[in-house]
Amino acid sequence: MAVQSPPVASVEQVQDYRNNSLLFLTFRRLFRQRNAQVGMLILGFLVLVAIFAPALAPYDPDQSLIGVESIDKRAGPCIHLLGCPADQPEHYMGVDGNVRDQYSRIIYGTRVSLFIGFSTIGLAVIFGTIIGAVSGYAGGWVDNIIMRIMDVILAFPSFLLAIAIITVLGRGLQNALYAIAIVNVPVFARLVRSSVMSLKELDFVTASRSLGASPLRILFIRILPNAIPTLIVQATLSIGGAILEAAALSFLGLGAQPPLAEWGTMLGTERNQVFTSPHLVFFPGIAIMVTVLAFNLLGDGFRDAMDPRLAQLAKS
Amino acid sequence: MIQYIVRRVLLAIPVILGILVVTFLIARAIPGDPCRSALGERATEAACEAFNQRMGLDQPVLVQLGIYMRQILLEGDFGSSIRYSRPVSLMLIERLPVTLELGVSALILAVMVGIPAGILSAVKRNSRIDVAAMVGSNIGVSMPVYWLGLMLAYVFSIFLKDTPFWLPPSGRLTAGVIAAPFYKVWDWQLVSGSLGAQAADFFSNLVLFNSFITGQWHVFSDGIKHLILPAVALSTIPLAIIARITRSSMLDVLGAEYVRTARAKGLAERAVILKHALRNALLPIITVVGLQTGTLFAGAVLTETIFSFSGVGRALFDAITGRDFPVIQAFTVVIAVGYVAINLIVDICYAFIDPRIKIE
Amino acid sequence: MSTKKTTTQPLLDVQNLKTYFYTDDGVLTAVDGVDFQVAPRQVFGLVGESGCGKSVTSLSLMRLVDTPGKIVDGQVLLQGENLLDKTPAEMTKVRGSQISMIFQQPKSSLNPVFTIGDQIVEVFKIHETISEKDARQQAVELLRRVGIPDPERKAQAYPHELSGGQAQRVMIAMALALKPRLLIADEPTTALDATIQAQILDLMQDLRDTTDTAVILITHDLGVIAELADRVAVMYAGKIVEEGDTTALFDKPLHPYTQGLMGSIPVLGDTKERLEVIPGNVPSLINLQPGCRFASRCGARVEHNLEICTQVEPDLIEFDAGHKVRCWLYQEHAGHTPPLKAFADKKDRK
Chain A
1 MAVQSPPVAS
11 VEQVQDYRNN
21 SLLFLTFRRL
31 FRQRNAQVGM
41 LILGFLVLVA
51 IFAPALAPYD
61 PDQSLIGVES
71 IDKRAGPCIH
81 LLGCPADQPE
91 HYMGVDGNVR
101 DQYSRIIYGT
111 RVSLFIGFST
121 IGLAVIFGTI
131 IGAVSGYAGG
141 WVDNIIMRIM
151 DVILAFPSFL
161 LAIAIITVLG
171 RGLQNALYAI
181 AIVNVPVFAR
191 LVRSSVMSLK
201 ELDFVTASRS
211 LGASPLRILF
221 IRILPNAIPT
231 LIVQATLSIG
241 GAILEAAALS
251 FLGLGAQPPL
261 AEWGTMLGTE
271 RNQVFTSPHL
281 VFFPGIAIMV
291 TVLAFNLLGD
301 GFRDAMDPRL
311 AQLAKS
Chain B
1 MIQYIVRRVL
11 LAIPVILGIL
21 VVTFLIARAI
31 PGDPCRSALG
41 ERATEAACEA
51 FNQRMGLDQP
61 VLVQLGIYMR
71 QILLEGDFGS
81 SIRYSRPVSL
91 MLIERLPVTL
101 ELGVSALILA
111 VMVGIPAGIL
121 SAVKRNSRID
131 VAAMVGSNIG
141 VSMPVYWLGL
151 MLAYVFSIFL
161 KDTPFWLPPS
171 GRLTAGVIAA
181 PFYKVWDWQL
191 VSGSLGAQAA
201 DFFSNLVLFN
211 SFITGQWHVF
221 SDGIKHLILP
231 AVALSTIPLA
241 IIARITRSSM
251 LDVLGAEYVR
261 TARAKGLAER
271 AVILKHALRN
281 ALLPIITVVG
291 LQTGTLFAGA
301 VLTETIFSFS
311 GVGRALFDAI
321 TGRDFPVIQA
331 FTVVIAVGYV
341 AINLIVDICY
351 AFIDPRIKIE
Chain C
1 MSTKKTTTQP
11 LLDVQNLKTY
21 FYTDDGVLTA
31 VDGVDFQVAP
41 RQVFGLVGES
51 GCGKSVTSLS
61 LMRLVDTPGK
71 IVDGQVLLQG
81 ENLLDKTPAE
91 MTKVRGSQIS
101 MIFQQPKSSL
111 NPVFTIGDQI
121 VEVFKIHETI
131 SEKDARQQAV
141 ELLRRVGIPD
151 PERKAQAYPH
161 ELSGGQAQRV
171 MIAMALALKP
181 RLLIADEPTT
191 ALDATIQAQI
201 LDLMQDLRDT
211 TDTAVILITH
221 DLGVIAELAD
231 RVAVMYAGKI
241 VEEGDTTALF
251 DKPLHPYTQG
261 LMGSIPVLGD
271 TKERLEVIPG
281 NVPSLINLQP
291 GCRFASRCGA
301 RVEHNLEICT
311 QVEPDLIEFD
321 AGHKVRCWLY
331 QEHAGHTPPL
341 KAFADKKDRK
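Residue numbers (the working numbering), protein chains in the order written: chain A, 1 to 316; chain B, 1 to 360; chain C, 1 to 350.
As structure tokens, this is what we get:
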């Protein structure tokens, strides 16, 4: 007993020390990066908008203003400060075909899009990690079968695959979320698998195993924490893509259904009016772009911060 | 080299067979009744039975798979559309050329702009040009394709109306503009329905190609005008991604020792970059260009929807939502095979660019 | 002998060369005021540990220092012409034809996607108007000359098909293609196996005897210097600390650092139990302390109890004819009497 405990402690210490310093360094570099700074700033803003949507939105996003105000449907933006006559009701981004205040709908849409981004990739990370860990740890035919399935999923253009999955599951936001989560699983599964495979033969893992630690304990306590930094980078980059894909599905009428204030749906339902009321297409698109941009910038920043060589190159 | 190419082609065969099986299974997994979506909700049981028998849908799934594989592989027959009651091959002949022209022009645009932008960024790293290019590419990958398409359509067809910059917002050609197929112009005698006639039909449906070789310039310019906006919209994401990978790949290579050697030889900087560095940086760039063809197919669904192009992307979308199995199968196979073929071309390009690949 | 060499006009005259790297953490003074001359046909050795600035010096001569490095001061006179004043276009005419260079990693210094024949032919094509056929013939001839077997066939080979020694021979062939006046060899044998090292050194020795090219030989290996160099400069932390004719410097190393380096060469048949290793590390070249850069590792400073070493930086002074040293052991200063001056004077008078 007395002989056994010291080596375990030291292995643990080494691991902790390594993880901490790597994460610490990563974050320090992250905060220094212009990309990441801008990304975090936008994302922080969006989160605040999502939280305080009821306070920020001047109207109920789902309420039609027919009979409430005297305003034409699809009326353009009216901002009093910019010279819109004071006797007209103020709508920063105009009103849509159902005479709903578009500004309020965009604000509430932030909630939907952030939810889509985090939930789809959250699901993909959870299932991808489980699949990848099992595959990498088990090895052999289990690994082979799982990885071939992942290859098949990756062989199809992901957006087309998502469309196909929705056709199987049926339309709607929830099924669109599942579809996007599914097409994103292989990336995380591969990532975790390679991380598990590279670590499972290392000394500190072998040491724990020889001390009789259970495979699950080794996997979750010793191996997976090492994959977290790369997972964070990939997840951040994937969230942007997921939001973009979800919006595209909604645009085609396969994802979120009206009257939900979802940006892709808003854009899709009014797309034929682009020539007469471009504001109904313009603003939702900008909202999507800014949100996706924030995640992409943050993801890029993370990646550069994790790879000092790259960061050095970019700087010099 | 030839041995290498042959081996690569042989390796692609099982992948294509796998794709055939998987598409068949995916198509069958889509719930819903093909009979009712073809004959309408009120079709009688008897009518449906007859319909299923005619289409072979009453057979066990494995038998259906066998028949389907035999038809495609031995007879080159993709079956008929359940919805339109037309041979799928005819639909392919009509629609594939539209998507090909759109996709290829978008890819050319992405490569022709993306690679020089990436090189410039890498060479002048941290300059204003670099920052602008990278901000632009970040915005490019974050932009919804369909939104850009709609905004471009608005700007060029409404905002710039009555200026020389006006461009049509939709359609492949202006209504009434019709190109005579080249085989009619040249008076070829083709047996209707023969493979040659189908091929001729296919190529004559490439609007730009057909009007160019026959000199029908009004059709050609109309075709170009209609293609600009969709191609630009479709190219944004690949362009942005190609520019980024070019930049990072060039940055890697510019620090390499053989680049220093090239400079030490007295080579002018321009030649160092365009000859010694670029040739080495090209490998990852080509990989990404290959991968982007997948993005292009996906983008084609959205772009064709916005610009009212009747191409493969839109047809596939309609077929999936309409449960038109033969069409789904055939079009997915075509897309997937195209994907495999492009990756094959990428592999072969590798061997041409990098002499080290031949040894393995 | 040595006096004759110094009186002829030098081929290369480097004066007060300073190359700094502007990093995020501060200015790194990689080369900080280096002076030396190379006579025609001379082999000039530049010795020092890695990180002492010898490679940066050589890249500065070619003006190939990458950002964030920058040549901030000095002159590089090649036959009286200052290379640092030339435009980039004029400089490309000098590189490869008047000065050429070979590197430490021959395999990665050759472009993997071109045949070695093409890479040699390119040198001719850049600098001369020559037909493809003639250039190819000359390339094959060069390969033969540097000892590549079956040169016609090897000219079609790609770098990955060569061994390290062959690759270095190719690099040498490429560098000597246009009979340059000066060849800079940056650790030409370091990355090679011992037997191959000897072969490459033989080749260089042979070339030294048969061509008019002067060589700057950069290495951390004093054995290589002893074998090839006519004159040696020892660099430490961006400065030359000792310079002299090879025989003089090996007979009577003056600087404690040079003495330390000599102590760390294995000598065949030496019965000493272990080699002497200079304690400590090269100081960081960012935010240097005042005084001599070697002071922190110097045994002689402790032995003679010299305070000036950590306060004022010594100059490079001529101690014997043609033998220069930068050390307070030999230099006078207000309030400082060099402890070894007398010893040196005695020797001089002998």
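Positions of the beta carbon are idealized from the N, C-alpha and C atoms, including for glycine.
Is the Cβ of Leu267 of chain A closer than 9 Å to any Cβ of chain B? Among the CB atoms of chain B, one or more fall inside 9 Å of the CB of Leu267 of chain A.
Determine the burial state of Ile19 of chain B: buried for a count of at least 16 other Cβ atoms within 10 Å of its Cβ, exposed for fewer. With 16 or more other Cβ atoms within 10 Å, it is buried.
Distance, Cα to Cα, Gln329 of chain B vs Tyr137 of chain A? Straight-line Cα distance between these residues: approximately 36 Å.
At least one CB of chain B closer than 9 Å to the CB of Lys93 of chain C: is that the case? Taking a beta-carbon distance threshold of 9 Å, Lys93 of chain C counts as an interface residue toward chain B.
Cutoff 6 Å; reference Ala122 of chain B; Cβ partners in own chain excluding five residues on either side: Within the same chain, and ignoring the five residues on either side of Ala122 of chain B in sequence, the residues whose Cβ sits closer than 6 Å to its Cβ are Arg247, Met250, Leu251.
Could you tell me which chain B residues have their CB closer than 8 Å to the CB of Gln105 of chain C, listed as they occur along the chain? Those within 8 Å of Gln105 of chain C in chain B are Glu257.
For a test of the three-state rule: what should DSSP assign to Val9 of chain B, helix, strand or coil? Helix.
Could you tell me the alpha carbon to alpha carbon distance between Pro215 of chain A and Pro225 of chain A, rounded to whole angstroms? Straight-line spacing of the CA atoms in Pro215 of chain A and Pro225 of chain A works out to 15 Å.
If the criterion is Cβ atoms closer than 9 Å, does the pair Ile348 of chain B and Arg8 of chain B meet it? Contact: yes.
Does the distance from the CB of Arg293 of chain C to the CB of Lys239 of chain C come in under 9 Å? A contact, by the Cβ cut-off of 9 Å.
Leu252 of chain A CB to nearest chain B CB: under 9 Å? Judged by the 9 Å Cβ criterion, Leu252 of chain A is in contact with chain B.
Between which two residues does the beta strand (DSSP E) carrying Glu313 of chain C extend? It is not in any beta strand (DSSP E) - Glu313 of chain C carries neither H nor E in the DSSP assignment.
Name the DSSP beta bridge partners of Met235 of chain C, please? According to DSSP, Met235 of chain C shares a beta bridge with C:Ile240.
Euclidean distance between Cα positions of Ile218 of chain C and Glu187 of chain C: Cα to Cα, Ile218 of chain C sits roughly 5 Å from Glu187 of chain C.
In whole angstroms, what separates the C-alpha of Gln15 of chain C from that of Leu59 of chain C? C-alpha separation (whole angstroms): 15 Å.
Supposed contact pair Gln234 of chain A and Phe282 of chain A - C-beta distance, whole angstroms, cut 8 Å: Contact doesn't hold; Cβ gap of about 32 Å is too wide.
For His91 of chain A, report the span of its alpha helix (DSSP H) as first-last. Premise fails: His91 of chain A is in no alpha helix (DSSP H) and is neither H nor E.
Closer than 7 Å, Cβ to any Cβ of chain B: which residues of the segment 283-303 of chain A, in chain order? The segment 283-303 of chain A vs chain B, Cβ under 7 Å: Gly285, Ile288, Met289, Val292, Leu293, Asn296, Leu297.
Spell out a yes or no on whether the segment 278-292 of chain A and the segment 191-202 of chain A are touching, meaning 3 or more CB-CB pairs, one atom from each, closer than 8 Å. Because the criterion of three Cβ pairs below 8 Å is not met, the segment 278-292 of chain A and the segment 191-202 of chain A do not touch.
Does the Cβ-Cβ distance between Gln88 of chain A and Cys78 of chain A come in under 9 Å? The Cβ atoms of Gln88 of chain A and Cys78 of chain A sit closer than 9 Å to each other.
Taking Cβ positions only, does Met91 of chain B come closer than 9 Å to chain A? It does not; no Cβ of chain A falls within 9 Å.
Select from the segment 245-269 of chain B all residues with a C-beta closer than 9 Å to any C-beta belonging to chain C, and list them in chain order. When CB distances to chain C are screened at a threshold of 9 Å, the residues of the segment 245-269 of chain B falling below it are Leu254, Gly255, Ala256, Glu257, Tyr258, Val259, Arg260, Thr261, Ala262, Arg263, Ala264, Lys265, Gly266, Leu267, Ala268, Glu269, in chain order.
Can you name the start and end residues of the beta strand (DSSP E) that Ile82 of chain B belongs to? Looking at the DSSP string, Ile82 of chain B is not in any beta strand (DSSP E), and its letter there is neither H nor E.
State yes or no: is the C-beta of Ile106 of chain A within less than 9 Å of the C-beta of Met266 of chain A? A Cβ-Cβ contact shorter than 9 Å links Ile106 of chain A with Met266 of chain A.
Buried or exposed for Val123 of chain C, going by 16 or more other Cβ atoms inside 10 Å? Val123 of chain C sits buried, since 16 or more C-beta atoms from the chains shown fall within 10 Å of its C-beta.
Ignoring anything shorter than 4 residues or poking outside the segment 161-243 of chain B, list the alpha helix (DSSP H) runs there in chain order. Qualifying alpha helix (DSSP H) stretches, in chain order: 182-185, 195-204, 207-214.
Tell me, which residues are paired with Tyr146 of chain B by DSSP? Paired residues: none, contrary to the question.
So, Val312 of chain B versus Leu74 of chain B, is the Cβ gap smaller than 9 Å? Taking C-beta atoms as the reference points, Val312 of chain B and Leu74 of chain B fail to come closer than 9 Å.
Beta strand (DSSP E) segment containing Thr219 of chain C, residue limits: According to the DSSP assignment, Thr219 of chain C belongs to the beta strand (DSSP E) that extends over 214-219.
Residues of the segment 273-302 of chain B with Cβ closer than 9 Å to any Cβ of chain A, in chain order: Here the close residues are Thr293, Gly294, Thr295, Leu296, Phe297, Ala298, Gly299, Val301, Leu302.
Helix, strand or coil: how does DSSP classify Phe295 of chain A here? Helix at Phe295 of chain A.
Looking at the C-beta of Ala29 of chain B, does it have a partner C-beta in chain A at a distance below 9 Å? For Ala29 of chain B, the answer is yes, since a Cβ of chain A falls inside 9 Å of its Cβ.
Any beta-carbon of chain B closer than 9 Å to the one on Tyr330 of chain C? Taking CB atoms only, Tyr330 of chain C has no neighbour in chain B less than 9 Å away.
Every unbroken beta strand (DSSP E) within the segment 34-66 of chain C, with a cutoff of 3 residues, ordered by chain: List check, beta strand (DSSP E) in window: 43-47.
Measure the alpha-carbon distance for Ala153 of chain B versus Leu316 of chain B and round it to whole angstroms. So the alpha carbons of these two residues sit roughly 24 Å apart.
Specify the secondary structure class of Gln4 of chain A as computed by DSSP and reduced to three states. Summary for Gln4 of chain A: the model assigns pLDDT 35, below 50, so the residue's position carries little reliability, and this model does not support an answer.
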